[in-house]
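In the numbering used here, the protein residues as written are 459 to 640. The next block holds one structure in the form of structure tokens; read it before the comments.
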């Protein structure tokens with residue numbers, strides 16, 4: 459996992475506050491309010507070749523979040539794609555647990571008390587494509603959100619997005635490694 463201190467907050471780091479959190483495995487988490495553009499980057503050579511990966515935002519929502527607006531999940535190869543093209547391919551996501559969007563991606567609770575939301579998937583061919591970046595975009599002024607980010611996790615994916623049934627099982631702690639299953 460790429461911890462909150464290592465994430466790029468783009469132009470919006472004015473809205474970010476790094477702070478310790480008792481339930482985090484990292485020394486600091488990032489508290490965001492209002493606007494954010496959060497990105498985590500990893501070199502493909504650090505990942506297993508010929509493997510499909512998914513990137514997950516690991517976070518908590520603080521306070522009341524019933525009016526929370528959708529956000530965009532983005533994933534792209536930095537050396538191969540244009541960022542504008544990646545933005546056009548961005549997926550609409552819902553940070554609120556249990557809310558399902560068109561893509562059927564849902565936020566799930568993890569056994570460690572944090573939530574996770576799949577930002578997207580990619581295939582790592584030979585590990586020679588340079589860095590891959592995954593992120594979360596929100597710039598909607600209508601909703602305020604108190605979002606605590608632990609990091610962005612890259613891990614092998616077995617199939618598509620998390621189903622409702624698998625999400626229920628994960629909340630119960632049935633999946634120890636939180637792998638996607640079809």
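The C-beta atom is built at its ideal place from N, Cα and C for all residues, glycine as well. Note that the structure is a prediction, hence the values are computed from the model and not measured.
inquiry  = List, from N- to C-terminal side, the alpha helix (DSSP H) runs of 4 residues or more that fit wholly inside the stretch 531-615.
reply    = 541-546
key: Inter-residue spacing [alpha-carbon to alpha-carbon] between residue 530 and residue 499   = 17 Å
Of the listed residues 541, 504 and 605, nearest to residue 527 (C-alpha basis) = The residue with the shortest Cα to Cα distance from residue 527 is 605.
inquiry  = Quick check: the Cα distance between residue 669 and residue 612, rounded to an integer number of angstroms?
reply    = In the structure as shown, the chain begins at 459 and stops at 640. Residue 669 is therefore absent and cannot be evaluated.
ask   = From residue 463 to residue 583, what distance separates their C-alpha atoms?
value = 28 Å
task = Report the residue from 514, 536 and 539 whose alpha carbon sits nearest the alpha carbon of residue 552.
result = 514
request  = Return the residue from the list 489, 586, 581 and 565 that minimises the CA-CA distance to residue 511.
outcome  = 581
request  = For residue 463, name the three-state secondary structure that DSSP assigns.
outcome  = helix
key: Unbroken beta strand (DSSP E) run spanning residue 495, endpoints   = Residue 495 -> beta strand (DSSP E) spans 494-501.
key: Sheet register partners of residue 518 (DSSP bridge)   = 606
task = For my contact list, residue 503 and residue 567 are in at a C-beta cut-off of 8 Å; report their separation, rounded to the angstrom.
result = The C-beta distance from residue 503 to residue 567 rounds to 33 Å, too long to meet the 8 Å contact threshold.
ask   = With which residues is residue 488 paired in a DSSP beta bridge?
value = DSSP, once it has assigned bridges, lists 476 and 607 as partnering residue 488.
request  = Flag this pair as yes or no: are the beta carbons of residue 516 and residue 459 separated by less than 8 Å?
outcome  = yes
request  = Buried or exposed for residue 495, please, with buried defined as at least 16 other CB atoms from any protein chain shown within 10 angstroms of its CB.
outcome  = buried
task = Could you check the C-alpha separation between residue 550 and residue 576 for me, to the nearest Å?
result = 11 Å
CA-to-CA distance, residue 482 to residue 594, given in whole angstroms = 20 Å
ask   = With distances taken between CB atoms, is the gap from residue 520 to residue 572 smaller than 8 Å?
value = In this structure, residue 520 keeps its C-beta atom at 8 Å or more from the C-beta atom of residue 572.
ask   = Excluding five sequence neighbours on each side, which residues of the same chain lie with their C-beta closer than 7 Å to the C-beta of residue 518?
value = Cβ within range, chain order: 572, 573 and 606.
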